[in-house]
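Residue numbers (this note's numbering): 1076 to 1401. Ideal placement from N, C-alpha and C gives every residue a C-beta, glycine not left out.
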Amino acid sequence: MEATEQTADVLVIGAGMAGLTAAAELQGAGRRVLVLDKGRGLGGRLASRRIGGATFDHGAQFITSHHPRFTALLEQGRRSGAVQEWSRGFAGRADDPIHWCGQPAMSAVAKHLALGLDYQLETAVVALQRVGDRWRAETTTGRAFTAGAVVLTPPVPQSLALLDAGGFVLAPDLRTRLAGIEYERCLAVLAVTQGPSRVPPPGGLALTQGPITWIADNQLKGISSEPSVTILATPDFSREHWENDQQESARLLLAAAAEWLDANVTTFQVHGWRYSKPKRVYGERCVLVCQSPALVLAGDAFSGPRVEEAALSGWAAATAILEAAS
Ligand SMILES: Cc1cc2nc3c(=O)[nH]c(=O)nc-3n(C[C@H](O)[C@H](O)[C@H](O)COP(=O)(O)OP(=O)(O)OC[C@H]3O[C@@H](n4cnc5c(N)ncnc54)[C@H](O)[C@@H]3O)c2cc1C
């Protein structure tokens, strides 16, 4: 064994909602679990950022729940102070479901889920290779991790690339089905403003025309002490402007948002989500790619483009790993 090689019972690649729920479940079942993520922070698309005194959620904007198990997880997050109720929807209907958000911001949800888990950030896996009855994950810095089972939760094209790099050949039908999963892109503009926006309470607005699909006032939302807005571009705008200068695209989006911005923008940043939401989902909560050593693919591409569905996929992946071993 190389000096740099670390071992675990189960490696979970990706510390987004799917990876963290899978990891917690597997650890609860007595497995020695290690989570690896290439990002600097936990959460994947549950993402928050600060610019000076302003706070932004620039990935998932809110969390809704239909499944009792996920609702219980959110309630537990509320009791711990990591999750708060944002609103009952944005159309002002009393029967809308609760729209939750993180406290102090969305990434807090991931931090809460990761409590007690063993994880390593800034650890980008470049290849996943089957070596006898184990999996071996190699990182960009040449480190290696081996485990008897793996849960892969990056967006599907990235997961397939890791398997290709490791020389693992999937069954042709499965490969074709997975390769057909495409994602929408999303350009997100994070703008600090001199004063409040015109976005009405509770601070979120879904738009149906023009290049913008969503504007959130992060101060009204209760996550930012200073005025700031998150602007999400439509999939069409994001795709058409993906290769263009991001600052220029952001200026176009800010101009389109002018009627909702009552004050000057003092500074802004742009984040491009190449894999924002799957256009079409696989249709099963996860897929067991290899029985032994167990390999499961999971994430929102399997059950639906929502935080809740990513969690349900993670739990299903954990069950698949435990059943594969029994
Ligand atoms: C702009 C935007 C707005 C959204 N709004 C909402 C919303 O309002 N409500 C809602 O329910 N959902 C929303 N979504 C969707 C929701 O965020 C996702 O469905 C969910 O967070 C996906 O979780 P996941 O664990 O499947 O994937 P991710 O969160 O993408 O996690 C995958 C993780 O894998 C890591 N990774 C990838 N490759 C590697 C590698 N090679 N090595 C190591 N780690 C790797 C990534 O860094 C990432 O952390 C939104 C998404 C976006 C982008």
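Using the Cβ count rule (16 or more neighbours within 10 Å means buried), how would you classify residue i?
i	result
GLU1077	Because GLU1077 sits at a pLDDT of 49, beneath the cut-off of 50, its placement in the model cannot be relied upon, and the following sentence gives the value as read from the coordinates. Classification of GLU1077: exposed, given that the 10 Å Cβ count is below 16.
THR1251	exposed
PRO1229	buried
SER1162	buried
LEU1101	buried
GLY1242	exposed
SER1182	buried
GLU1383	buried
ASN1293	buried
ALA1385	buried
ALA1330	exposed
PRO1172	exposed
LEU1295	buried
LEU1227	buried
SER1313	buried
GLY1422	The question about residue 1422 has no answer, for the chain in this structure spans 1076 to 1401.
PRO1143	exposed
PRO1302	buried
For residue i, which beta-bridge partners are listed by DSSP?
i	result
ASP1292	VAL1304
ILE1088	LEU1111, LEU1227
VAL1158	GLY1177
TRP1348	CYS1261
PRO1353	TYR1258
LEU1372	LEU1227, VAL1362
TRP1210	ARG1205, ALA1222
GLN1195	LEU1111
PHE1343	ALA1266
THR1082	THR1221
Grab the span of the beta strand (DSSP E) containing residue i for me, first residue to last.
i	result
LYS1186	Where LYS1186 is concerned, there is no enclosing beta strand (DSSP E), although the alpha helix (DSSP H) it sits in stretches over 1182-1188.
ASP1132	1129-1132
Do you know how far the Cα of residue j is from the Cα of residue i?
i	j	result
LEU1372	LEU1117	19 Å
GLY1285	PRO1310	11 Å
VAL1085	LEU1109	6 Å
GLY1389	ARG1260	23 Å
ALA1399	GLY1374	19 Å
LEU1363	ALA1157	32 Å
SER1367	SER1351	32 Å
GLN1151	THR1283	34 Å
ARG1205	GLY1270	55 Å
THR1215	THR1198	8 Å
ARG1349	HIS1316	12 Å
GLY1240	ASP1208	Checking the sequence, you will find Ala at residue 1240 rather than Gly. Going from the Cα of ALA1240 to the Cα of ASP1208 covers about 18 Å.
ALA1281	LYS1186	28 Å
ARG1154	ALA1308	34 Å
PHE1377	ILE1256	9 Å
TRP1210	SER1299	43 Å
ILE1306	ALA1224	40 Å
Measuring CB to CB, does residue i end up less than 8 Å from residue j?
i	j	result
ALA1387	PHE1145	The sequence shown places Leu at residue 1387, not Ala. For LEU1387 and PHE1145, yes; Cβs fall inside 8 Å.
VAL1340	ALA1266	yes
VAL1304	SER1272	yes
SER1123	ALA1189	no
HIS1141	HIS1346	no
ALA1395	CYS1361	yes
GLU1080	THR1221	yes
VAL1201	LEU1111	no
LEU1253	LEU1203	no
GLY1297	GLN1136	no
SER1091	GLY1119	In the sequence as presented, Ser is not what sits at residue 1091; that position holds Gly. Yes; because the gap between Cβ atoms is below 8 Å, this pair is in contact.
ALA1098	LEU1192	yes
Considering residue i, what are the terminal residues of the alpha helix (DSSP H) in which it resides?
i	result
LEU1387	1382-1400
ALA1281	Per DSSP, ALA1281 belongs to no alpha helix (DSSP H); it is in the beta strand (DSSP E), 1279-1281.
ARG1125	Counting along the chain, ARG1125 falls outside any alpha helix (DSSP H), though it belongs to the beta strand (DSSP E) covering 1123-1126.
LEU1327	1321-1331
HIS1316	1310-1316
Please decide whether residue i counts as near chain C, where near means a Cβ-Cβ distance under 8 Å.
i	result
GLU1359	Going by chain labels, chain C is absent from the structure shown, which holds only one protein chain.
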